[in-house]
DNA sequence: ATAAAATGCTATCAATTAGTAGTATTTAAC
DNA sequence: GTTAAATACTACTAATTGATAGCATTTTAT
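Residue numbers (the numbering used here), protein chains in the order written: chain V, 1 to 140; chain H, 1 to 140.
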């Protein structure tokens with residue numbers, strides 16, 4: 001059960017972009033408004049482009065905009081693209097084969113909570129959080 | 001939502017020890033049976049002693065045994081001792097003040113899943129997983 | 001007493017993840 | 001065509017986390 005800082009950054013930025021889903025955002029606006037280090041975000045944005053969540057428009061007046069319908073971009077896709085599938089779905093004890101051939105001692109107890117998390121992330125799209133954005137300064 | 005590798009190691013070892021809750025285990029037996037690097041586990045064991053989960057008995061014929069009733073050692077205590085309280089309870093976007101003065105855009109959607117995880121970890125003691133242990137080799 | 005078998009401590013190394021710097025490339029305005 | 005404003009790329013640095021090494025200390029068996 002792991003959510004890297006990078007995934008958190010992605011959530012912040014994509015959530016922010018979802019507010020106006022058709023708009024074109026410059027990297028500058030995105031790192032300023034979401035408290036993500038500039039260069040780190042720039043790299044993350046090109047990754048998110050390669051993953052197909054957003055697309056970049058180069059050159060003067062360029063920026064980033066969604067590449068797909070945001071009602072079809074689910075949070076779990078974002079985490080899995082960045083942190084890998086094991087990060088969320090993996091065994092709580094870190095055993096590779098757990099739930100495949102065998103179950104670890106904590107498997108049953110953990111399964112239920114894990115499924116709940118996976119379902120939440122799988123059923124929530126960027127569209128679902130579209131109108132929940134607040135002033136980001138509030139969170140500093 | 002974070003569970004470090006170290007916490008996973010702690011779960012493995014404490015879960016293993018719970019099988020025979022009154023027994024005295026040597027570090028040697030513990031790292032062999034639970035696939036945790038020797039030196040790393042030794043350090044972890046002294047941490048777990050300082051946290052009060054287990055106690056160490058020094059000298060020849062020494063080892064580790066539980067310091068408290070295992071029906072009162074809940075999984076969440078273990079994670080929080082090792083990874084800190086924010087690791088599980090923190091904001092999904094990583095904002096410090098979220099849920100204090102303000103809520104982040106994903107707060108509501110995430111809250112439910114998070115509470116589920118926290119409840120599972122808070123309500124599960126080492127006693128609860130006592131008889132679920134299997135051969136550890138199975139997970140390699 | 002001494003040796004053996006255990007834990008304790010501290011410093012260091014390695015791997016992973018997060019963050020930065022600098023330059024190249026693309027495109028539109030003029 | 002030149003400049004300005006944007007993204008793209010690559011190599012490097014820093015911070016965190018995981019792992020190791022080596023020696024010190026404690027206690028029991030002999």
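Note that CB positions come from ideal geometry on N, CA and C, so glycine has one too.
Pairwise C-alpha distance: residue j and residue i
| i | j | result |
| --- | --- | --- |
| residue 126/V | residue 86/H | 25 Å |
| residue 104/H | residue 56/H | 44 Å |
| residue 4/V | residue 110/H | 16 Å |
| residue 21/V | residue 83/H | 37 Å |
| residue 97/V | residue 48/H | 27 Å |
| residue 71/V | residue 124/V | 9 Å |
| residue 89/V | residue 80/V | 9 Å |
| residue 59/V | residue 106/V | 53 Å |
| residue 50/H | residue 43/H | 11 Å |
| residue 34/H | residue 2/V | 21 Å |
| residue 95/V | residue 102/V | 10 Å |
| residue 143/V | residue 23/H | The displayed coordinates of chain V run from 1 to 140. Any statement about residue 143/V would go beyond what the structure contains. |
| residue 32/V | residue 112/V | 39 Å |
Bounding residues of the beta strand (DSSP E) (the contiguous stretch that carries residue i)
| i | result |
| --- | --- |
| residue 55/V | 54-57 |
| residue 63/H | 63-66 |
Short CB-CB distance (under 8 Å) between residue i and chain H
| i | result |
| --- | --- |
| residue 113/V | yes |
| residue 66/V | no |
| residue 12/V | yes |
| residue 124/V | yes |
| residue 3/V | yes |
| residue 105/V | yes |
| residue 109/V | yes |
| residue 46/V | no |
Residues near residue i by beta carbon distance below 8 Å, same chain, minus five either side
| i | result |
| --- | --- |
| residue 45/V | 13, 27, 30, 54, 56 and 64 |
Residue-level contact to chain V via CB, residue i, 8 Å cutoff
| i | result |
| --- | --- |
| residue 158/H | Since the first and last residues shown for chain H are 1 and 140, residue 158/H lies out of range. |
| residue 94/H | yes |
| residue 117/H | yes |
| residue 70/H | no |
| residue 15/H | yes |
| residue 6/H | no |
| residue 85/H | no |
| residue 132/H | yes |
Which listed residue (the options) has its alpha carbon closest to that of residue i
| i | options | result |
| --- | --- | --- |
| residue 132/H | 76/V, 35/V, 38/V and 108/V | 108/V |
| residue 120/V | 122/H, 114/H and 124/H | 114/H |
| residue 93/H | 68/V, 40/V, 75/V and 122/V | 75/V |
| residue 25/H | 62/H, 50/H, 15/H and 8/H | 62/H |
| residue 41/H | 8/H, 23/H and 60/H | 8/H |
| residue 36/H | 58/H, 60/H, 59/H and 10/H | 10/H |
| residue 38/H | 99/H, 116/H and 6/H | 6/H |
| residue 142/H | 60/H, 43/H and 78/H | In this structure chain H extends from 1 to 140, so residue 142/H is not present and cannot be described. |
N- and C-terminal bounds of the alpha helix (DSSP H) containing residue i
| i | result |
| --- | --- |
| residue 73/H | First-last for residue 73/H: undefined, no H or E at that position. |
| residue 51/H | 38-51 |
| residue 121/V | 107-123 |
| residue 17/V | 5-18 |
| residue 29/H | 27-34 |
| residue 86/V | 86-89 |
Spatial neighbours of residue i in its chain, beta-carbon cut-off 6 Å, leaving aside the 5 residues before and after
| i | result |
| --- | --- |
| residue 52/V | 67 |
Spatial neighbours of residue i in its chain, beta-carbon cut-off 7 Å, leaving aside the 5 residues before and after
| i | result |
| --- | --- |
| residue 129/V | 15 and 18 |
| residue 122/V | 74 and 76 |
| residue 91/V | 98, 99 and 104 |
| residue 116/H | none |
Check: residue i C-beta below 7 Å from any heavy atom of the ligand HEM
| i | result |
| --- | --- |
| residue 44/H | Summarising the ligand content, the structure contains no ligands, and the ligand HEM is consequently not present. |
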